[in-house]
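For the sequence shown, the numbering used here begins at 140 and goes up steadily by one.
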Amino acid sequence: MTDGGGGEAATNEAGSAAAATPRDDRIEIQNVSIRFRQQSVLRNINLTIRRGETVCVIGESGCGKTVLLKLIIGLLHPTVGEIRFDGADVTRLGGKALVELRLRFGFLFQSAALFDSLTVYDNVAFGLREHHVCDEEQVRSIVADRLSEVGLPAGLERKKPAELSGGQRKRVGLARALALDPEVMLYDEPTTGLDPIMTDVINELILQTQKSSNKTGVVVTHEMKTVQKVADRVVMFYPLARIGRDESQILYDGPPEGLESSPDPRVRQFVRGEAGERLREMAQNRGGGV
């Protein structure tokens with residue numbers, strides 16, 4: 140005779156095990172559109188980012204790349220659609236739940252966004268103190284570890300941001316973003332304004348960060364060397380103003396090695412930095428020719 144209670148217990152155990160298994164789809168962007176007053180920036184975007192994957196988002200200025208990052212972390216809300224993180228709808232979160240979600244993300248801003256009045260040490264320690272994560276002795280240890288990981292020398296922690304080079308500010312920003320040991324890293328133009336050597340240093344740090352702890356990463360960049368070095372996958376957006384009403388805003392979604400052979404000439408032109416088509420469009424807008 141079958142024990143009905145035992146069957147129910149087995150079902151509950153299976154459900155609990157399934158719930159404990161991490162979702163492969165970490166970030167899900169479903170039918171997302173956003174507009175600011177009369178200006179549409181993103182339209183009907185569908186994109187899934189998997190656990191442990193590093194996705195580079197490329198495209199011309201103004202096509203909504205940074206807006207996408209802000210939507211993922213809940214700094215902006217879509218006009219239409221859903222943003223899901225580990226199955227939870229970010230657009231429905233608020234208050235404490237949204238704060239707790241953001242603690243699972245690290246964000247490296249384009250300008251590093253350091254607090255000018257604080258030392259390097261206090262900048263990196265800021266999140267740890269603000270959210271009462273640990274005591275001050277642990278804060279000291281974490282700050283030292285993170286600064287060491289990004290290759291900054293001892294003694295630099297006493298300096299203010301104004302005393303640092305552009306590359307040093309970026310590395311301090313990365314150390315601060317990593318201080319809370321986030322599950323997901325968001326990078327907004329991490330190499331903008333840097334010389335080629337420091338660009339490669341930052342790219343190498345991003346690669347090490349993503350691979351050493353299997354973090355999920357989204358990198359917004361114009362720099363094709365960054366794409367080739369750190370990306371598992373590349374997504375290319377195109378400005379809404381320059382596509383048809385029924386045309387997808389995502390021109391490419393695939394491996395970095397497939398960009399050069401994309402059947403879409405707009406993708407190939409962007410990757411190669413060729414402005415021919417854009418110059419023709421500008422000439423047409425002026426009513427002339429090239």
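Note that beta-carbon positions come from the ideal geometry of N, C-alpha and C, so glycine has one too.
Enclosing beta strand (DSSP E) for residue i [first to last residue]
{"i": "T355", "result": "355 to 359"}
{"i": "D164", "result": "164 to 175"}
{"i": "L247", "result": "244 to 247"}
{"i": "Q178", "result": "178 to 189"}
{"i": "Y326", "result": "323 to 327"}
{"i": "D392", "result": "389 to 393"}
{"i": "V373", "result": "372 to 376"}
{"i": "R223", "result": "219 to 224"}
Cα-Cα separation between residue i and residue j, rounded to whole angstroms
{"i": "K209", "j": "D225", "result": "17 Å"}
{"i": "E239", "j": "L253", "result": "22 Å"}
{"i": "L295", "j": "M324", "result": "24 Å"}
{"i": "E288", "j": "V374", "result": "29 Å"}
{"i": "E413", "j": "L207", "result": "25 Å"}
{"i": "S179", "j": "V219", "result": "11 Å"}
{"i": "G182", "j": "G245", "result": "Before going on, a small fix: residue 182 reads as Arg here, not Gly. Computed Cα separation, rounded: 26 Å."}
{"i": "A380", "j": "R419", "result": "16 Å"}
{"i": "L232", "j": "E275", "result": "31 Å"}
{"i": "A422", "j": "C273", "result": "59 Å"}
{"i": "V263", "j": "T365", "result": "24 Å"}
{"i": "Q388", "j": "G266", "result": "36 Å"}
{"i": "E386", "j": "L257", "result": "47 Å"}
{"i": "R384", "j": "R285", "result": "47 Å"}
{"i": "P321", "j": "A314", "result": "11 Å"}
{"i": "S304", "j": "T360", "result": "21 Å"}
{"i": "E192", "j": "I222", "result": "17 Å"}
{"i": "L291", "j": "E362", "result": "24 Å"}
{"i": "A236", "j": "V278", "result": "24 Å"}
{"i": "K298", "j": "E199", "result": "36 Å"}
{"i": "S155", "j": "S280", "result": "Model confidence at S155 stands at a pLDDT of 41, short of 50, so the residue's coordinates are unreliable and nothing is read from them."}
{"i": "Q177", "j": "D403", "result": "29 Å"}
{"i": "E152", "j": "T355", "result": "No answer about E152 holds up, because its pLDDT of 41 lies below 50 and its placement is not dependable."}
{"i": "F409", "j": "S400", "result": "12 Å"}
{"i": "R405", "j": "G213", "result": "31 Å"}
Candidates the options: closest to residue i by CA position
{"i": "R411", "options": "K354, N183, R381, I197", "result": "I197"}
{"i": "G306", "options": "V219, V323, R285, I336", "result": "I336"}
{"i": "V259", "options": "F248, A283, D385", "result": "A283"}
{"i": "R310", "options": "T187, I382, S250, P402", "result": "S250"}
{"i": "V357", "options": "Q177, L247, K235, A236", "result": "L247"}
{"i": "R241", "options": "S256, D255, E221, L215", "result": "L215"}
{"i": "V271", "options": "D164, L319, P378, F376", "result": "The sequence shown places His at residue 271, not Val. If we check each option's Cα against that of H271, L319 comes out closest."}
{"i": "V340", "options": "K368, T193, Q277", "result": "K368"}
{"i": "R190", "options": "Q177, S401, N353", "result": "N353"}
{"i": "D261", "options": "G312, P217, G213", "result": "G312"}
{"i": "A227", "options": "D164, K350, R407, R372", "result": "D164"}
Residue i, enclosing alpha helix (DSSP H) - first and last residue
{"i": "E279", "result": "The amino acid at residue 279 is misidentified as Glu; the sequence shows Arg. Counting along the chain, the alpha helix (DSSP H) containing R279 begins and ends at 275 to 288."}
{"i": "V196", "result": "No alpha helix (DSSP H) holds V196; the beta strand (DSSP E) holding it covers 193 to 197."}
{"i": "V263", "result": "259 to 269"}
{"i": "L344", "result": "335 to 351"}
8 Å contact criterion, which residue i and residue j should meet: CB distance rounded
{"i": "I166", "j": "I184", "result": "Contact doesn't hold; Cβ gap of about 12 Å is too wide."}
{"i": "P300", "j": "D255", "result": "5 Å"}
{"i": "A370", "j": "C195", "result": "4 Å"}
{"i": "Y377", "j": "L390", "result": "5 Å"}
{"i": "R372", "j": "P394", "result": "6 Å"}
query = Does the segment 309 to 327 come within contact of the segment 343 to 352, defined as at least 3 CB pairs closer than 8 Å?
reply = yes
message = With three or more C-beta pairs closer than 8 Å as the rule, is the segment 173 to 183 touching the segment 198 to 208?
response = yes
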